[in-house]
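In what follows, a single structure is set out as structure tokens and then discussed.
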Amino acid sequence: MKPIQPFVALNHQEIASALKQISGATVAVLGDFCLDVYWPIDRSASEISVETGLPTEPVHRQHYSPGGAGNVVMNLLALGVRRIFPIGVLGDDPFGRELSRQLLHPRIDARGLVVQPEQWSTHTYVKPHVEGAELRRLDHGNFNRPAPATEDLIFERLAAVLPEVSVVLINHQAIGSLHDSPTFRERLCRLMRERPEVCFIVDSRGYHEAYPPAVHKLNDKEVMRACGRPVAAGEIVPLEALEQAIGELQARWRCPLVVTRGERGCLVGDGEALFQVFGVLIMGKTDPVGAGDTFAATLAAMISTVTNLNAAAYVANLAAAVTAQKLFQTGTASPDEILAIGADADFVFRPELAEAPHRARFFNGSEIEISAEPPLDLALRHAIFDHDGTISTLREGWEQIMEPMMMRAILGGQYAVADEGLFHRVKARVLRFIETTTGIQTIVQMQGLVELVREFNLVPAAEVLDAAGYKAVYNIGLKQLVDARLAKLDRGELEIGDFTVKGAVRFLESLHRAGVRLYLASGTDDDDVKFEAQRLGYAALFTGGIFGSVGNIKKDAKKVVLERILAEVGGKFGQLVAFGDGPVEIRETIRRGGYAVGIASDEVRRFGANREKRARLIRAGAQAVIPDFSQPDTLWKFLRLPQLA
37 MKPIQPFVAL NHQEIASALK QISGATVAVL GDFCLDVYWP IDRSASEISV ETGLPTEPVH
97 RQHYSPGGAG NVVMNLLALG VRRIFPIGVL GDDPFGRELS RQLLHPRIDA RGLVVQPEQW
157 STHTYVKPHV EGAELRRLDH GNFNRPAPAT EDLIFERLAA VLPEVSVVLI NHQAIGSLHD
217 SPTFRERLCR LMRERPEVCF IVDSRGYHEA YPPAVHKLND KEVMRACGRP VAAGEIVPLE
277 ALEQAIGELQ ARWRCPLVVT RGERGCLVGD GEALFQVFGV LIMGKTDPVG AGDTFAATLA
337 AMISTVTNLN AAAYVANLAA AVTAQKLFQT GTASPDEILA IGADADFVFR PELAEAPHRA
397 RFFNGSEIEI SAEPPLDLAL RHAIFDHDGT ISTLREGWEQ IMEPMMMRAI LGGQYAVADE
457 GLFHRVKARV LRFIETTTGI QTIVQMQGLV ELVREFNLVP AAEVLDAAGY KAVYNIGLKQ
517 LVDARLAKLD RGELEIGDFT VKGAVRFLES LHRAGVRLYL ASGTDDDDVK FEAQRLGYAA
577 LFTGGIFGSV GNIKKDAKKV VLERILAEVG GKFGQLVAFG DGPVEIRETI RRGGYAVGIA
637 SDEVRRFGAN REKRARLIRA GAQAVIPDFS QPDTLWKFLR LPQLA
């Protein structure tokens with residue numbers, strides 16, 4: 037098999053076109069139809085049971101939604117599929133009747149749902165949770181056994197709908213499943229071989245081996261288990277091991293594989309090549325429940341419209357990211373939601389390399405780490421620089437100001453008295469938020485803070501500030517830090533070199549003399565970044581302009597600059613390079629076809645590499661990473677610039 041190839045992201049128009057075709061799709065879903073039951077418990081109304089002497093668990097409200105194959109059907113419905121044919125078994129019980137009620141819809145033909153009155157309980161998962169934490173689940177249906185007459189009826193109804201569909205999604209995810217029956221598996225496999233004109237997609241937790249003539253959708257751990265090399269829960273499956281295992285399965289089954297990897301995206305293999313679809317970066321809290329069903333449903337809907345497998349997996353990956361952001365529900369993803377996330381999605385690139393610095397590859401023995409070679413036609417005429425952490429270190433330590441400020445905002449009056457568990461939960465969320473938003477406009481970070489304050493719900497609504505209000509609080513602390521450092525500069529106690537990354541100013545001067553047009557783009561307020569660049573003596577070098585935040589969330593400085601430069605270069609992406617220590621400028625450059633150099637600067641020492649930054653930058657897609665600008669001659673040669681001025 038050829039080396040893994042990254043799948044080129046679809047643009048907005050391509051995603052929209054693919055989603056539009058779904059309205060003509062017809063899909064059958066054969067599998068385990070389940071009901072998810074959500075019971076939020078409010079112990080403020082608890083009492084001691086007279087019968088047991090134990091405290092009760094008062095359910096504040098009830099919420100029911102289709103799960104398993106039922107959730108796949110709901111996802112197909114949300115996607116706008118024209119006709120959906122669910123085929124499976126329900127019990128003669130209240131949960132089965134509720135599930136049937138939930139599946140009533142003009143576009144759902146539910147005649148394939150068979151009720152077995154004996155030895156079958158509707159698969160039901162009762163999920164009690166207290167204050168956002170889920171308790172032990174209560175499961176129904178684990179002891180189910182399909183009767184021979186039930187199997188006959190299932191195949192009779194499947195045969196009836198096959199002429200009307202182009203895709204059949206085979207779902208298996210429950211103990212006590214139809215698929216537990218050997219005769220059922222044999223009959224289904226035989227049917228798949230007899231009907232090659234129908235695309236069968238298998239999404240199974242344990243029976244992929246029984247259904248070789250199909251497209252197989254598995255997760256990475258299921259792949260390893262199928263190869264006899266099980267991986268413990270919570271353990272990451274190395275990409276190299278997964279690649280080898282996929283090759284083994286394809287040789288055994290001779291079929292296409294789509295392998296999901298959670299936040300790491302998915303792999304698509306057709307036996308000849310293996311493509312990697314990168315994972316979508318999600319900054320907020322996630323709930324993976326139902327994301328796999330969303331992926332499978334979207335994959336089936338896309339294939340039903342004759343979309344190629346790689347593109348189908350790409351859109352399915354976006355859809356799963358939509359569902360993963362819906363908390364405490366078995367979510368779905370609509371075309372509008374998929375298009376919204378796909379129009380401006382941030383991806384997680386090369387996580388394996390990011391987490392393994394020992395695998396780094398360097399240019400000619402230098403400190404320039406290469407993730408992707410510069411294009412052969414690289415002829416730089418435009419260079420974008422981030423400011424803080426890339427050139428200037430005046431604001432070094434801003435995280436130590438933002439972190440306690442955010443924690444005070446979230447905890448409110450409980451800041452000084454919060455118990456250790458709550459304090460550390462808040463701190464963990466804040467640190468993760470700061471890490472994933474480094475480099476974006478401060479006003480956008482503060483908008484995120486507003487959402488965090490509301491998420492934890494510890495501050496009365498009337499006391500929650502807006503984004504501008506929190507930004508003003510943050511800026512007070514940051515201004516004190518910067519003013520104190522500039523005062524030392526004015527008194528001659530420190531020099532400009534004490535506030536700039538090693539070699540940065542000299543490299544800027546060389547680029548300027550070589551005729552490369554320089555642009556400075558920062559998430560810091562526009563007036564502040566211009567003032568600080570002037571004070572540090574290099575503002576005049578940026579003939580392309582200096583751009584900072586104007587307080588408008590919709591006008592990110594880095595995006596504005598990149599769009600302007602692309603208009604200037606007329607699509608000649610080989611003329612553009614961006615340097616930055618934050619994910620935003622890296623992602624925006626990659627998205628627009630430029631070459632992105634990450635600056636993994638140690639802002640305290642002002643030279644040498646920060647390993648955490650390196651990992652963050654590679655995940656953002658940096659094609660090269662340097663610790664500083666202390667090797668200008670080598671960097672010049674690497675970027676194929678003319679003789680150093």
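Read in our numbering, the sequence shown has 495 at position 459, and its numbers run on one by one without any break. Don't be surprised by glycine CBs; every beta carbon is placed ideally from N, CA and C.
Pick helix, strand or coil for Thr-478, following the three-state DSSP scheme. Indexing the sequence shown from 1 puts residue 478 at position 442. Helix.
Could you check the C-alpha separation between Leu-544 and Leu-577 for me, to the nearest Å? Within the sequence shown, numbered from 1, the residue matching residue 544 stands at position 508. Within the sequence shown, numbered from 1, the residue matching residue 577 stands at position 541. Computed Cα separation, rounded: 7 Å.
What beta strand (DSSP E) runs, 3 residues minimum, are completely inside the segment 232-312? Those beta strand (DSSP E) runs which fall completely within the segment 232-312 and span 3+ residues are 235-240, 251-255, 293-296, 302-305.
Pull up the DSSP beta-bridge partners for Gln-152, would you. Position 116 of the sequence shown holds residue 152. Beta-bridge pairing links Gln-152 to Gly-127.
Given a cut-off of 8 Å, decide if Ser-136 and Leu-149 are closer than it, judged by their beta-carbon atoms. Along the sequence shown, read from residue 1 onward, the residue named residue 149 stands at position 113. Along the sequence shown, read from residue 1 onward, the residue named residue 136 stands at position 100. Yes, the pair counts as a contact, with Cβ atoms nearer than the cut-off.
Gly-484 versus Asp-563 - alpha carbon distance: Looking up residue 484 in the sequence shown gives position 448. Looking up residue 563 in the sequence shown gives position 527. Gly-484 and Asp-563 have their alpha carbons spaced roughly 23 Å apart.
Going by CA-CA distance only, name the one from Thr-219, Asp-669, Gly-212 that's closest to Asp-175. Residue numbering aside, residue 175 sits at position 139 when the sequence shown is read from its first letter. Per the Cα distances, Gly-212.
Nearest-angstrom Cβ-Cβ length linking Ile-237 and Ala-337, presumed shorter than 8 Å: Indexing the sequence shown from 1 puts residue 237 at position 201. Indexing the sequence shown from 1 puts residue 337 at position 301. By a beta-carbon distance limit of 8 Å, Ile-237 does not contact Ala-337. Their separation comes to about 11 Å.
Where the alpha helix (DSSP H) containing Ser-546 begins and where it ends: Counting from one through the sequence shown, the residue named residue 546 turns up at place 510. Unbroken alpha helix (DSSP H) run through Ser-546: 540-549.
DSSP three-state assignment for Thr-560, whether helix, strand or coil: Walking along the sequence shown from the start, residue 560 turns up at place 524. DSSP places Thr-560 in the strand class (E or B) of the three-state scheme.
Would a C-beta distance cut-off of 8 Å place Ile-437 and Leu-517 closer than the cut-off? Taking the first residue of the sequence shown as 1, we reach residue 437 at position 401. Taking the first residue of the sequence shown as 1, we reach residue 517 at position 481. Their beta carbons are under 8 Å apart, which means Ile-437 touches Leu-517 by this criterion.
Residue range of the unbroken alpha helix (DSSP H) whose run includes Lys-515: Against the sequence shown, residue 515 aligns to sequence position 479. Segment 503-526, the alpha helix (DSSP H) holding Lys-515.
Counting C-beta neighbours from all protein chains within 10 Å, is the total for Asn-493 16 or more, i.e. buried, or is it exposed? Indexing the sequence shown from 1 puts residue 493 at position 457. By the 10 Å Cβ count, Asn-493 comes out exposed.
What residues in its chain sit with their C-beta under 8 Å from that of Arg-143, if we drop five residues either side in the sequence? Along the sequence shown, one-based indexing puts residue 143 at 107. Correct list, in chain order: Leu-113, Val-117, Arg-118, Arg-119, Ile-120.
For Asp-424, tell me which candidate among Arg-417, Leu-671, Trp-434, Ala-415 has the shortest Cα-Cα distance. Residue mapping note: residue 424 aligns to position 388 of the sequence shown, counting from 1. Asp-424 has its Cα closest to that of Trp-434, out of Arg-417, Leu-671, Trp-434, Ala-415.
Of the choices Gly-584, Asn-207, Gln-312, whose alpha-carbon is the least far from that of Ala-333? As a working mapping, residue 333 is identified with position 297 in the sequence shown. The option with the nearest alpha carbon to Ala-333 is Asn-207.
Leu-671: buried (16+ other C-beta within 10 angstroms of its C-beta) or exposed? As a position in the sequence shown, residue 671 is number 635, starting the count at 1. Buried, since its Cβ has 16 or more Cβ neighbours within 10 Å.
Within a Cβ cutoff of 8 Å, which residues of the same chain sit near Ala-504, ignoring the five residues on either side of it in sequence? Position 468 of the sequence shown, counting from 1, holds the residue named residue 504. The beta carbon of Ala-504 lies closer than 8 Å to those of Ile-479, Met-482, Gly-587 in the same chain, with the five residues before and after it left out.
Going by DSSP, what residues sit across from Thr-160 in a beta bridge? Stepping through the sequence shown from its first residue, residue 160 is reached at position 124. Within the DSSP bridge table, the entry for Thr-160 names Leu-71, His-176 as partners.
Taking all protein chains shown into account, decide if Ile-512 is buried (16 or more other Cβ within 10 angstroms of its Cβ) or exposed. By 1-based counting over the sequence shown, the position of residue 512 is 476. Residue environment for Ile-512: exposed (fewer than 16 other C-beta atoms within 10 angstroms of its C-beta).
Contact set for Arg-444: own chain, Cβ-Cβ below 7 Å, skip 5 residues either direction: What you label residue 444 is simply residue 408 of the sequence shown in a count that begins at 1. The residues are Tyr-451.
Measure the CB-CB distance between Ser-82 and Pro-91 and report whether it falls below 8 Å. To locate residue 82, count along the sequence shown from 1; it is residue 46. To locate residue 91, count along the sequence shown from 1; it is residue 55. With contacts defined as CB atoms closer than 8 Å, Ser-82 and Pro-91 qualify as a contacting pair.
Assuming the contact rule is C-beta atoms closer than 8 Å, Thr-160 and Cys-70 should be a hit. Round their C-beta distance to whole Å, please. Taking the first residue of the sequence shown as 1, we reach residue 160 at position 124. Taking the first residue of the sequence shown as 1, we reach residue 70 at position 34. Indeed, because the Cβ distance is near 7 Å, the residues count as touching under 8 Å.
By the three-class DSSP mapping on this structure, what secondary structure does His-460 have? Here residue 460 is taken as the residue at index 424 of the sequence shown, counted from 1. It is helical.
To the nearest angstrom, how far is it from the Cα of Gln-155 to the Cα of Arg-79? One-based indexing of the sequence shown puts residue 155 at position 119. One-based indexing of the sequence shown puts residue 79 at position 43. One C-alpha to the other measures close to 36 Å.
On the DSSP letters alone, give me the boundaries of the alpha helix (DSSP H) that His-48 sits inside. Indexing the sequence shown from 1 puts residue 48 at position 12. Looking at the DSSP string, the run of the alpha helix (DSSP H) that includes His-48 is 48-56.
Enumerate, from N- to C-terminal direction, the unbroken beta strand (DSSP E) stretches of 3 or more residues contained entirely within the segment 388-414. Taking only runs of at least 3 residues, no beta strand (DSSP E) segment lies wholly in the segment 388-414.
Determine the direct distance from the alpha carbon of Glu-621 to that of Gly-298, and round the result to whole angstroms. As a position in the sequence shown, residue 298 is number 262, starting the count at 1. As a position in the sequence shown, residue 621 is number 585, starting the count at 1. Straight through space, the alpha carbons of Glu-621 and Gly-298 are spaced by roughly 25 Å.
Can you name the start and end residues of the beta strand (DSSP E) that Val-62 belongs to? As a position in the sequence shown, residue 62 is number 26, starting the count at 1. Rather than Val, the amino acid found at residue 62 in this sequence is Thr. In the DSSP assignment, Thr-62 falls within the beta strand (DSSP E) that extends over 62-66.
Tell me the start and end of each unbroken alpha helix (DSSP H) in the segment 571-621 that is at least 4 residues and wholly inside, in chain order. Here the runs fully enclosed are 593-605.
By how many angstroms is the C-alpha of Ala-508 removed from the C-alpha of Leu-375? Here residue 375 corresponds to residue number 339 of the sequence shown, with the count starting at 1. Here residue 508 corresponds to residue number 472 of the sequence shown, with the count starting at 1. Whole-angstrom Cα-Cα distance: 34 Å.
Taking the alpha carbon of Ile-626 as the point to measure from, which residue in Ser-202, Pro-411, Tyr-506, Ala-61 has its own alpha carbon closest? Here residue 626 refers to the residue found at position 590 when the sequence shown is read from its first residue. The shortest C-alpha separation from Ile-626 is found at Pro-411.
Quick one: what does DSSP say Asn-683 is sitting in, helix, strand or coil? Outside the displayed span of the chain (37 to 681) sits residue 683, for which this structure offers no information.
Over what stretch of residues does the beta strand (DSSP E) that includes Ile-662 continue unbroken? Counted from its first residue, the sequence shown places residue 662 at position 626. For Ile-662, the enclosing beta strand (DSSP E) has its first and last residue at 660-662.
Going by C-alpha to C-alpha distance, which of Leu-389, Leu-317, Thr-343, Arg-386 sits closest to Val-358? Here the question's residue 358 lines up with position 322 in the sequence shown. Ranking the options by Cα distance to Val-358, first place goes to Leu-317.
Under 8 Å, with one C-beta from each stretch per pair, do the segment 266-273 and the segment 209-224 reach the 3-pair mark? The segment 266-273 vs the segment 209-224: no contact.
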